[in-house]
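Asks: Please read through the structure below; I'll follow up with questions.
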Amino acid sequence: MIEPFSVLRSRTAVLPVENVDTDQIIPARFLTTTQRSGLGRHLFADWRRDAGNQPRTDFVLNRPDTAGARILVAGHNFGCGSSREHAPWALLDYGFRVVISTGIADIFRSNALRNGLLAIELDGDSHAWLLANPGAELGVDLRSCELQFPTGEVASFEVEPFARHCMLHGVDPLGWLISREADIARFEEARACRA
Numbered sequence: 007m008i009e010p011f012s013v014l015r016s017r018t019a020v021l022p023v024e025n026v027d028t029d030q031i032i033p034a035r036f037l038t039t040t041q042r043s044g045l046g047r048h049l050f051a052d053w054r055r056d057a058g059n060q061p062r063t064d065f066v067l068n069r070p071d072t073a074g075a076r077i078l079v080a081g082h083n084f085g086c087g088s089s090r091e092h093a094p095w096a097l098l099d100y101g102f103r104v105v106i107s108t109g110i111a112d113i114f115r116s117n118a119l120r121n122g123l124l125a126i127e128l129d130g131d132s133h134a135w136l137l138a139n140p141g142a143e144l145g146v147d148l149r150s151c152e153l154q155f156p157t158g159e160v161a162s163f164e165v166e167p168f169a170r171h172c173m174l175h176g177v178d179p180l181g182w183l184i185s186r187e188a189d190i191a192r193f194e195e196a197r198a199c200r201a
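Be aware that the sequence shown starts at 7, since it is given in our numbering, and climbs by one per residue.
In structure tokens:
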């Protein structure tokens, strides 16, 4: 079960770094659990804290102006590297609901959408505006697949239809399959009669 998503308004946190891999999102040493909660404190752990485990004041997520932001604007090729579902879990547990980039790694995007984190690929001009305007208040409408800028401009984005359906209805793929149990039973019964 995932939290339904239809419309979100939030300020952005901007991380203008390209090729952020999943080990940077959540280092492998924290992959000792299959629980989705509690991983937010380890998000970008090696960038958020110094060798003495003190918060780095220059890291974007440690700044007061990004507190509570639910939209992360990242550089190109976000989520590359190894497949680990813990990466979207950590982003969600931290409080992010949307990641925007000009390029999102395929496996990360699949893991993100399956877990309720909307991964949006945006054109270069719109993305460049977001990078230049950190903290901008955006509207994200999954029903219409539109991103609303504070300037009044609107940008469209694409989401795989089944993932969009699951996010709108707050159900993961397994939950969707379970919801079709009666249909599956009818199909199996009809198939058995034909055999």
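Idealized CB from N, CA, C, for every residue including glycine.
Over what stretch of residues does the alpha helix (DSSP H) that includes isoleucine 31 continue unbroken?
Replies: Working through the sequence shown from its first residue, we reach residue 31 at position 25. 28-31 is the span of the alpha helix (DSSP H), which, as asked, contains isoleucine 31.
Asks: Over the uninterrupted beta strand (DSSP E) stretch that includes arginine 186, give me the two end residues.
Replies: Residue 186 sits at position 180 when you count from the first residue of the sequence shown. First-last for arginine 186: undefined, no H or E at that position.
Asks: Which two residues bound the contiguous beta strand (DSSP E) that contains arginine 15?
Replies: Counted from its first residue, the sequence shown places residue 15 at position 9. Residues 13-21.
Asks: Quick check: what's the CA-CA separation for glycine 44 versus alanine 201?
Replies: As a working note, residue 44 is residue 38 in the sequence shown. As a working note, residue 201 is residue 195 in the sequence shown. Cα-Cα distance, rounded: 50 Å.
Asks: So, at 8 Å on beta carbons, what are the nonlocal neighbours of proline 61 in its own chain, with the 5 sequence-adjacent residues on each side left out?
Replies: To locate residue 61, count along the sequence shown from 1; it is residue 55. Closer than 8 Å at Cβ, skipping near neighbours: Arg54, Arg55 and Asn68.
Asks: Identify which residue in Thr18, Pro140, Phe65 and Ala142 has its Cα closest to the Cα of arginine 103.
Replies: Along the sequence shown, read from residue 1 onward, the residue named residue 103 stands at position 97. Closest by alpha carbon: Thr18.
Asks: The beta strand (DSSP E) spanning isoleucine 6 covers which residue range?
Replies: Residue 6 lies beyond the residue range present for the chain, which begins at 7 and ends at 201; the question has no answer from this structure.
Asks: The alpha helix (DSSP H) spanning alanine 138 covers which residue range?
Replies: Here residue 138 refers to the residue found at position 132 when the sequence shown is read from its first residue. Looking at the DSSP string, the run of the alpha helix (DSSP H) that includes alanine 138 is 130-138.
Asks: Only counting the same chain, and skipping five residues up and downstream in sequence, which positions put a Cβ closer than 6 Å to that of glycine 109?
Replies: For the purposes of this step, residue 109 is taken as the residue at position 103 of the sequence shown. Counting only Cβ-Cβ distances below 6 Å, and skipping sequence neighbours, we find His82 and Asn83.
Asks: What are the boundary residues of the alpha helix (DSSP H) that includes serine 116?
Replies: Position 110 of the sequence shown, counted from the start, is the residue given in the question as residue 116. Serine 116 -> alpha helix (DSSP H) spans 112-120.
Asks: Any idea what DSSP makes of proline 224, helix, strand or coil?
Replies: The structure shown does not extend to residue 224, since the chain spans only 7 to 201, so no value can be given for it.
Asks: Within 10 angstroms of its Cβ, does aspartate 99 collect 16 or more other Cβ (buried), or is it exposed?
Replies: Here residue 99 is taken as the residue at index 93 of the sequence shown, counted from 1. So aspartate 99 ends up on the buried side.
Asks: Does DSSP put alanine 161 in a helix, a strand or coil?
Replies: The residue labelled residue 161 in the question sits at position 155 within the sequence shown. Correct three-state label for alanine 161: strand.
Asks: Do the CB positions of alanine 80 and serine 107 come within less than 8 Å of each other?
Replies: In the sequence shown, counting from the first residue as 1, residue 80 sits at position 74. In the sequence shown, counting from the first residue as 1, residue 107 sits at position 101. Yes, Cβ-Cβ distance for alanine 80 and serine 107 is below 8 Å.
Asks: Please report the Cβ distance between leucine 124 and proline 94, rounded to the nearest whole angstrom; I am assuming they are in contact, meaning their Cβ atoms lie under 8 Å.
Replies: The residue you call residue 124 lines up with position 118 of the sequence shown. The residue you call residue 94 lines up with position 88 of the sequence shown. Contact flag wrong, Cβ pair sits at about 10 Å.
Asks: Hey, how far is the Cα of alanine 198 from the Cα of alanine 191?
Replies: For the purposes of this step, residue 198 is taken as the residue at position 192 of the sequence shown. For the purposes of this step, residue 191 is taken as the residue at position 185 of the sequence shown. If I take the Cα positions, the gap works out to 10 Å.
Asks: Tell me which same chain residues have a C-beta within less than 8 Å of the C-beta of isoleucine 113, skipping the five on either side of it?
Replies: Taking the sequence shown and counting its residues from 1, the one referred to as residue 113 is at position 107. If we look at isoleucine 113 and ignore the five residues flanking it on each side, its Cβ neighbours are Gly85 and Ser89.
Asks: State the start and end residues of the unbroken alpha helix (DSSP H) segment that holds leucine 174.
Replies: Your numbering for residue 174 matches position 168 in the sequence shown. Note, leucine 174: alpha helix (DSSP H), 167-175.
Asks: Terminal residues of the continuous beta strand (DSSP E) containing aspartate 147?
Replies: One-based indexing of the sequence shown puts residue 147 at position 141. 143-147 is the span of the beta strand (DSSP E), which, as asked, contains aspartate 147.
Asks: Please name the residue in Glu194, Arg42 and Gln30 whose C-alpha comes closest to that of phenylalanine 50.
Replies: Counted from its first residue, the sequence shown places residue 50 at position 44. Closest by alpha carbon: Gln30.
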